[in-house]
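First up is the structure itself, then whatever we jot down about it.
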Amino acid sequence: MEKIPIIKLYGAKGCHKTHYYQLLLSEIGLSYLFLDVETNKEYAEELRNLYENRKLNFPTITIGNKKLRNPTSEELQKWINKLIPQILKIHHDKDNNRYTLDINGEIAKIEYVITNDKMHLVHSEVPYNLRGKGIGKILVEKTFEELTEEGYKAIAICSYIKAIAKRSKKWSKIIG
Numbered sequence: 245m246e247k248i249p250i251i252k253l254y255g256a257k258g259c260h261k262t263h264y265y266q267l268l269l270s271e272i273g274l275s276y277l278f279l280d281v282e283t284n285k286e287y288a289e290e291l292r293n294l295y296e297n298r299k300l301n302f303p304t305i306t307i308g309n310k311k312l313r314n315p316t317s318e319e320l321q322k323w324i325n326k327l328i329p330q331i332l333k334i335h336h337d338k339d340n341n342r343y344t345l346d347i348n349g350e351i352a353k354i355e356y357v358i359t360n361d362k363m364h365l366v367h368s369e370v371p372y373n374l375r376g377k378g379i380g381k382i383l384v385e386k387t388f389e390e391l392t393e394e395g396y397k398a399i400a401i402c403s404y405i406k407a408i409a410k411r412s413k414k415w416s417k418i419i420g
């Protein structure tokens, strides 16, 4: 799996908005660094360096290189989904023979056909504007995990899926 970017919450212990973000991040299940800018001068300076006006604009959340100043819960969730897709749940859509990851309404998918009690993974697709972010690899690995848990045996037909399986010690032995 891809590495989860570091999440930092710049705020103050007594700030109700900071507390709100602590609860949100905990509910989502993400670990984060809480940097109290009122009690630690280094954290305050780090926060000032994020802004041209050098003000203590808190609460501010950073996810890797993305900076979010006082986001709504929907904005925060949108960016978490986009920047940390590995926490998303894969969905097995049996009616349409596919596994999907919903990233803010955009669907990454792997399509399959079942022949002779084996799942043939025939096509993978990531929406164009989400490509190049590691989402395809996450989609494939989550699909492998899910189909294995469901008791399926699989054969990779799609060249991308096949490449991901071959590069992994774990999956190269399981996915044909």
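Under the working numbering, the first residue of the sequence shown carries the number 245, and numbering increases by one thereafter.
Backbone N, C-alpha and C define an ideal beta-carbon position, used for all residues, glycine too.
List the residues that DSSP assigns as beta-bridge partners of residue i.
i, result
"isoleucine 354", "Tyr343, Ser368"
"isoleucine 328", "Looking at the DSSP assignment, isoleucine 328 forms no beta bridge with any residue, so it has no partner."
"alanine 400", "Leu365"
"threonine 359", "Lys362"
Within a Cβ cutoff of 7 Å, which residues of the same chain sit near residue i, ignoring the five residues on either side of it in sequence?
i, result
"asparagine 325", "Leu332, Ile347, Asn348"
"isoleucine 401", "His364, Leu365, Val366"
"proline 329", "Leu345, Ile347, Ile379, Ile382"
To the nearest angstrom, report how far apart residue i and residue j are at their CA atoms.
i, j, result
"serine 416", "tyrosine 287", "45 Å"
"alanine 256", "threonine 306", "15 Å"
"glutamate 350", "leucine 300", "35 Å"
"proline 249", "tyrosine 295", "20 Å"
"histidine 263", "asparagine 297", "25 Å"
"alanine 398", "glutamate 271", "34 Å"
"isoleucine 354", "threonine 344", "7 Å"
Excluding five sequence neighbours on each side, which residues of the same chain lie with their C-beta closer than 8 Å to the C-beta of residue i?
i, result
"tyrosine 265", "Leu253, Gly255, Pro303, Ile305, Leu320"
Skipping 5 residues on each side, what residues in its chain have a beta carbon closer than 6 Å to that of residue i?
i, result
"cysteine 259", "none"
"lysine 261", "Pro303"
So, do the region 308-318 and the region 368-375 have three or more beta carbon pairs nearer to each other than 8 Å? In short, these stretches do not touch, since the Cβ pair count stays below three.
In chain order, each beta strand (DSSP E) run of at least 3 residues that lies wholly inside the region 245-320: With a minimum length of 3 residues, the continuous beta strand (DSSP E) runs that stay inside the region 245-320 are 251-255, 277-280, 304-307, 310-313.
Segment contact flag, the region 402-419 with the region 372-387, C-beta cutoff 8 Å, min 3 pairs: Taking 8 Å as the limit for Cβ pairs, the verdict is that the region 372-387 does touch the region 402-419.
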